[in-house]
């Protein structure tokens with residue numbers, strides 16, 4: 036029996052990864068126990084049992100002790116960037132995807148509380164490295180950035196990007212009509228996602244009497260950004276905020292858009308890039324390493340510069356940009372096979 040540790044996953048792209056992995060484990064009839072975040076609002080079907088620690092990180096040690104006493108555990112997959120709190124003596128892999136934990140992350144403009152929390156996470160991770168046998172990454176760059184900070188054997192680092200290819204292609208096959216001059220950015224409201232600057236760009240376009248449609252997915256609880264959107268719309272912008280909604284809704288809205296604009300400053304993969312390319316968007320994205328690892332974009336910009344982003348949007352509106360091309364392949368089945376075949380530690 037396996038353990039799938041998702042103790043901190045409750046929102047965003049990590050939920051998509053969790054659901055996809057759960058569905059694959061169920062399809063392959065692999066018995067597993069799920070360590071689940073109490074804040075996760077969706078129902079996960081399939082695990083032998085579900086354990087919810089009272090404290091997502093600090094409560095994991097007691098959870099693992101209880102699981103190891105009661106069940107014959109043969110494999111552990113931690114999806115939350117951190118290895119288990121103790122060395123379990125069985126094959127263990129840790130999926131690392133939060134690049135903001137690294138000291139090289141571009142978070143200089145973030146609040147002090149956020150930066151302090153990342154510092155604490157970095158120190159915690161360093162203490163727990165020995166409790167996993169492998170780290171899994173979504174791209175070569177993510178692995179390189181990690182190894183630039185942590186002393187961990189490169190041979191024990193593996194790259195397995197995966198995404199819900201079947202669900203994306205199912206929406207693609209609907210052949211939904213694309214709205215001209217429409218842009219989409221499916222992303223939560225974390226500071227590194229760069230929504231504030233993107234809204235500044237749309238306000239600048241409005242001053243030039245240009246009102247291309249923009250679809251976002253900012254949580255309604257973020258009153259600062261949602262109020263800004265209402266204000267811009269009252270002035271004449273066409274910004275549709277979906278809030279946090281179902282995955283299929285996001286995919287359909289992406290399929291109906293002509294362009295994806297992706298100003299994020301930091302990603303381990305950039306799932307929205309993959310989805311947008313498969314769904315036929317021309318992608319305008321930050322001129323950063325994570326983008327070029329995933330796709331060949333239609334156009335790039337400096338994510339720190341309003342002028343650069345605006346110039347890129349104007350180019351999309353006034354010229355015929357080249358198509359975007361995908362560089363990644365879906366390696367979900369390879370990942371499961373890899374975990375199955377890890378030899379027990381000596």
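Numbering (our numbering), first residue to last: 36 to 381. From the three backbone atoms N, C-alpha and C, an ideal C-beta is built for every residue, glycine too.
With DSSP as the reference, identify every bridge partner of residue i, one or two as the case may be.
i: residue 273; result: 248
i: residue 128; result: 112, 169
i: residue 38; result: 68, 111
i: residue 318; result: 295
Pull up the distance between the alpha-carbon of residue i and that of residue j, whole angstroms please.
i: residue 175; j: residue 134; result: 13 angstroms
i: residue 81; j: residue 41; result: 14 angstroms
i: residue 89; j: residue 105; result: 19 angstroms
i: residue 148; j: residue 136; result: 13 angstroms
i: residue 167; j: residue 99; result: 14 angstroms
i: residue 69; j: residue 314; result: 32 angstroms
i: residue 279; j: residue 71; result: 20 angstroms
i: residue 124; j: residue 152; result: 29 angstroms
i: residue 371; j: residue 119; result: 19 angstroms
i: residue 122; j: residue 353; result: 58 angstroms
i: residue 108; j: residue 155; result: 30 angstroms
i: residue 200; j: residue 85; result: 27 angstroms
i: residue 173; j: residue 327; result: 13 angstroms
i: residue 312; j: residue 360; result: 7 angstroms
i: residue 114; j: residue 255; result: 27 angstroms
i: residue 45; j: residue 76; result: 7 angstroms
i: residue 142; j: residue 164; result: 23 angstroms
i: residue 374; j: residue 366; result: 13 angstroms
i: residue 110; j: residue 369; result: 16 angstroms
i: residue 223; j: residue 47; result: 6 angstroms
i: residue 364; j: residue 304; result: 12 angstroms
i: residue 49; j: residue 112; result: 14 angstroms
i: residue 261; j: residue 272; result: 13 angstroms
i: residue 324; j: residue 342; result: 21 angstroms
Enumerate in chain order the residues of its own chain whose CB-to-CB distance from residue i is below 6 angstroms, with the five nearest sequence positions on each side excluded.
i: residue 221; result: 252, 285, 307
i: residue 171; result: 128, 130, 193, 195
i: residue 356; result: 317, 333, 334
i: residue 226; result: 145
i: residue 186; result: none
i: residue 52; result: none
i: residue 263; result: 234
i: residue 349; result: none
i: residue 295; result: 219, 311, 316, 318
i: residue 55; result: 199
i: residue 66; result: 36, 83
My output table needs one value for residue i: the three-state DSSP class, helix, strand or coil.
i: residue 362; result: coil
i: residue 265; result: helix
i: residue 293; result: strand
i: residue 334; result: strand
i: residue 87; result: coil
i: residue 77; result: coil
i: residue 257; result: coil
i: residue 94; result: coil
i: residue 300; result: coil
i: residue 102; result: helix
i: residue 50; result: helix
i: residue 345; result: helix
i: residue 123; result: coil
i: residue 371; result: helix
i: residue 328; result: helix
Within its chain, find whatever has a CB closer than 8 angstroms to the CB of residue i; leave out the 5 residues flanking it on each side and keep chain order.
i: residue 267; result: 234, 237, 238, 241, 274
i: residue 61; result: 80, 81
Using a Cβ-Cβ cut-off of 7 angstroms (strictly less than) and excluding sequence neighbours within five positions of residue i, which residues of its own chain qualify?
i: residue 138; result: 157, 184
i: residue 73; result: 87
i: residue 298; result: 229, 232, 233, 321, 338, 344
i: residue 292; result: 213, 214, 217, 218, 219, 250, 316
i: residue 270; result: 241
i: residue 310; result: 203, 286, 289
i: residue 102; result: 38, 68, 86, 108
i: residue 189; result: 182
i: residue 96; result: 120, 121
Residue i: beta carbon under 7 angstroms from a heavy atom of the ligand GTP?
i: residue 177; result: The ligand GTP is not part of the structure shown, which contains no ligands of any sort.
Taking 8 angstroms as the threshold (beta carbon to beta carbon), is residue i in contact with chain B?
i: residue 227; result: Given the protein chain composition of this structure (a single chain), no chain B is represented.
- [ ] Can you check the region 137-222 for any beta strand (DSSP E) of at least 3 residues that lies completely inside it and give the ranges in chain order?
- [x] 169-172, 192-194, 214-220
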